[in-house]
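Participant: The structure follows.
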Amino acid sequence: MKIKNIISAAIALLSVTSCSDYLDVKPSDRISETVNFSSLAGFRQALNGIYVELNSNQLYGRSLSCEFIETMAQRYAVFAENKSATEIMNLNFGSSTAQSITESIWGKAYNLIANANLIIKNCEENRAVLPDEYYHIIKGEAYALRAYLHFDLYRLFCHAYSSSSSSTAIPYYEAFSLNVNPSLPSNEFMDKVIADLTIAEQELQDDPIIRYGVAGNPKDVFLSYRNLRLNLYAVQGLMARVYYYICQPDGLEDGNAEYKRLAYEYAKKVIDIQETYFPWVNATDALTSTVIDHVFSSEVMFALQNLSRESLYNSCFNANNLKPAALLGCRNDVITEIFGGSKAGQDYRYRANFPNTVSVGTTPYRVFTKYEGTDSLYAQMIPMIRISEAYLIAAEIGPEEGERLELFNTFREHRGISERTSDINELTHDDLRHNTLLDREWIKEFIGEGQLFFWYKCHGSLGMRSANDPENKTPFYVASTAKYVIPIPDAETKYN
-3 MKIKNIISAA IALLSVTSCS DYLDVKPSDR ISETVNFSSL AGFRQALNGI YVELNSNQLY
57 GRSLSCEFIE TMAQRYAVFA ENKSATEIMN LNFGSSTAQS ITESIWGKAY NLIANANLII
117 KNCEENRAVL PDEYYHIIKG EAYALRAYLH FDLYRLFCHA YSSSSSSTAI PYYEAFSLNV
177 NPSLPSNEFM DKVIADLTIA EQELQDDPII RYGVAGNPKD VFLSYRNLRL NLYAVQGLMA
237 RVYYYICQPD GLEDGNAEYK RLAYEYAKKV IDIQETYFPW VNATDALTST VIDHVFSSEV
297 MFALQNLSRE SLYNSCFNAN NLKPAALLGC RNDVITEIFG GSKAGQDYRY RANFPNTVSV
357 GTTPYRVFTK YEGTDSLYAQ MIPMIRISEA YLIAAEIGPE EGERLELFNT FREHRGISER
417 TSDINELTHD DLRHNTLLDR EWIKEFIGEG QLFFWYKCHG SLGMRSANDP ENKTPFYVAS
477 TAKYVIPIPD AETKYN
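Taking my numbering, the leading residue of the sequence shown gets -3, the next gets one more, and so forth.
Right, here's the structure in full:
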């Protein structure tokens, strides 16, 4: 979909036909920009609309959470009969299936960026209709959403970042316009991501989460459930993710020291407030409650509320669908080895999200239940940023070995792993087989959340752990780091 068409479509704001009470978006026809931003209610509807549409199948409701992006990361033992998934697993981005998916991702993301830009523009032009608290929250979240979407487009469609690189990336849209922006050099593009997040952090200094906690302001549903919005701490966690991504390719030892320092500092910011706002899940909720908290919801800093999550589970992971024509299966021997072999049963993640086996032919598979339907609010959550990411970042790149080991051991303790390590070499990378303790935790922690492919990419990994090799002797080889780069959709390259 051409950028100009995407932006033109955004002149009429997102038409949301149904949502929860929390989202507070009423069914409506398309409305003009002027009418929509003439009241606080219009701003609320516009911002809520972006969050709703992030749940679309093209983005984090499927492709960029548990399906397309995780298939590329070799999460699933794809059946040969599923030719489309096999092409994606083999990083064959020229296939018709991959091209259709990536064009949809590109188009939907830039459409939502255009809508975020409309909100930002009207925050100033219609400032009079916004009470101060709402002005700062709406503006801050809009900037954060714009940065989040641009950053993920960059991670998909561009080479891994190099601080010395001026290679062309993709367009960055800072204003609502029908004009097509030129593609920027990578360093300029990432400067804009960071600039937007800096503004978001400033605007969210009085976020209701600080005073009221994750529940938010009890007097206004729009200011409630702050873990379902890009709140202040989620923005800081996103900053850690961004700086971590761009400090990597030059090498952790010899890379960009300033980006590395900032990645650590932002990770520590959220670690330092974790106990108050994002406490570790307890074993009862994760393992033995009558309603299992599969996503470890107390630890999630930002999630989407996806009202179709149970349908997603049924179509992708339900044991009834684990047959040759289905997509998302995890071989029992492979997933058990990743979680520690005979010690896998200690790990909360293994016990909560891979509790059962089902056989396809003679091969047993583990059923992935993270997105299984339950009667709870967290049964609608798609995690986008969680506190554990900050722990893994700080454990990897922190300045003091003792603190790095303590953070890593603390994180593992809260996953049910009692063994502690004192070997700092376990907090490094094996770029082919990913067998260090740190590598294993990155692989285990974000299953179904769309982060592993980007982790492999930012490290320039020579291989990815294979979904069909229980002994981890034959990884999925990546002949060139260019294999991690998804081509920009043809319509865009022809247009530009």
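Backbone N, C-alpha and C fix where the C-beta goes; we use that ideal spot for every residue, glycine too.
1. One question on the structure: do residue 140 and residue 267 come within less than 8 angstroms of each other, judged by their Cβ atoms?
2. Identify which residue in 71, 203 and 244 has its Cα closest to the Cα of residue 471.
3. So, residue 444 versus residue 62, is the Cβ gap smaller than 8 angstroms?
4. Helix, strand or coil, according to DSSP, for residue 212 in the structure here?
5. Going by DSSP, what residue range makes up the alpha helix (DSSP H) through residue 474?
6. Do residue 329 and residue 466 count as a contact pair if the criterion is CB distance below 8 angstroms?
7. Please state the DSSP three-state secondary structure of residue 238.
8. Tell me, to the nearest whole angstrom, how far the beta carbon of residue 468 is from that of residue 429; I am working on the premise that it is less than 8 angstroms.
9. Residue range of the alpha helix (DSSP H) that residue 334 falls in?
10. On the DSSP bridge assignment, give the partners of residue 381 in chain order.
11. Checking 8 angstroms against the spacing of the C-beta atoms, do residue 334 and residue 440 come in under that value?
12. Within 10 Å of its beta-carbon, does residue 74 have 16 or more other beta-carbons around it, so buried, or fewer, so exposed?
13. By Cβ distance, which residues of its chain are closer than 7 angstroms to residue 145, with the 5 residues on each side in sequence left out?
14. For residue 431, which residues in the same chain have their Cβ closer than 7 angstroms to its Cβ, ignoring the five residues on either side in sequence?
15. Is residue 361 helix, strand or coil when you go by DSSP?
16. Using DSSP with H/G/I as helix, E/B as strand and the rest coil, what is residue 277?
17. In the DSSP assignment, find the beta strand (DSSP E) that holds residue 355 and state where it starts and stops.
18. Here's the rule: buried if 16 or more other CB atoms are within 10 angstroms of the residue's CB, otherwise exposed. What is residue 43?
19. Could you tell me how far apart the beta carbons of residue 262 and residue 232 are, in whole angstroms, since I believe they sit closer than 8 angstroms?
20. Could you please give me the residues that DSSP links to residue 220 through a beta bridge?
21. Once DSSP output is grouped into helix, strand and coil, what is the label at residue 459?
22. I need the straight-line Cα distance from residue 421 to residue 438, nearest angstrom please.
23. Three-state secondary structure (DSSP) at residue 204?
Facilitator: Let me spell this out:
1. No; because the gap between Cβ atoms is not below 8 angstroms, this pair is not in contact.
2. Nearest option by C-alpha distance: 71.
3. With contacts defined as CB atoms closer than 8 angstroms, residue 444 and residue 62 qualify as a contacting pair.
4. Three-state DSSP puts residue 212 in a strand.
5. Premise fails: residue 474 is in no alpha helix (DSSP H) and is neither H nor E.
6. In terms of Cβ geometry, residue 466 and residue 329 form a close pair [threshold 8 angstroms].
7. It is helical.
8. Sure, about 6 angstroms apart at Cβ, within 8 angstroms.
9. 328 to 334 is the span of the alpha helix (DSSP H), which, as asked, contains residue 334.
10. According to DSSP, which records beta bridges pairwise, residue 381 is partnered with 298.
11. Going by C-beta atoms, residue 334 is nearer than 8 angstroms to residue 440.
12. Residue 74 should be labelled buried.
13. 105, 108 and 109, listed in sequence order.
14. Once the five neighbours on either side are set aside, the close Cβ partners of residue 431 are 468.
15. Residue 361 sits in a strand when the DSSP states are folded into three classes.
16. It is coil, neither helix nor strand.
17. Where residue 355 is concerned, the enclosing beta strand (DSSP E) stretches over 352 to 356.
18. By the Cβ neighbour-count rule, residue 43 is buried, with 16 or more other Cβ atoms within 10 Å of its own.
19. Between the beta-carbon of residue 262 and that of residue 232 there is about 5 angstroms, and that keeps the pair under the 8 angstroms contact cut.
20. Its beta-bridge partners are 212.
21. The DSSP-derived three-state label of residue 459 is strand.
22. Distance between the alpha carbons of residue 421 and residue 438 is about 16 angstroms.
23. Residue state, collapsed to three classes: helix.
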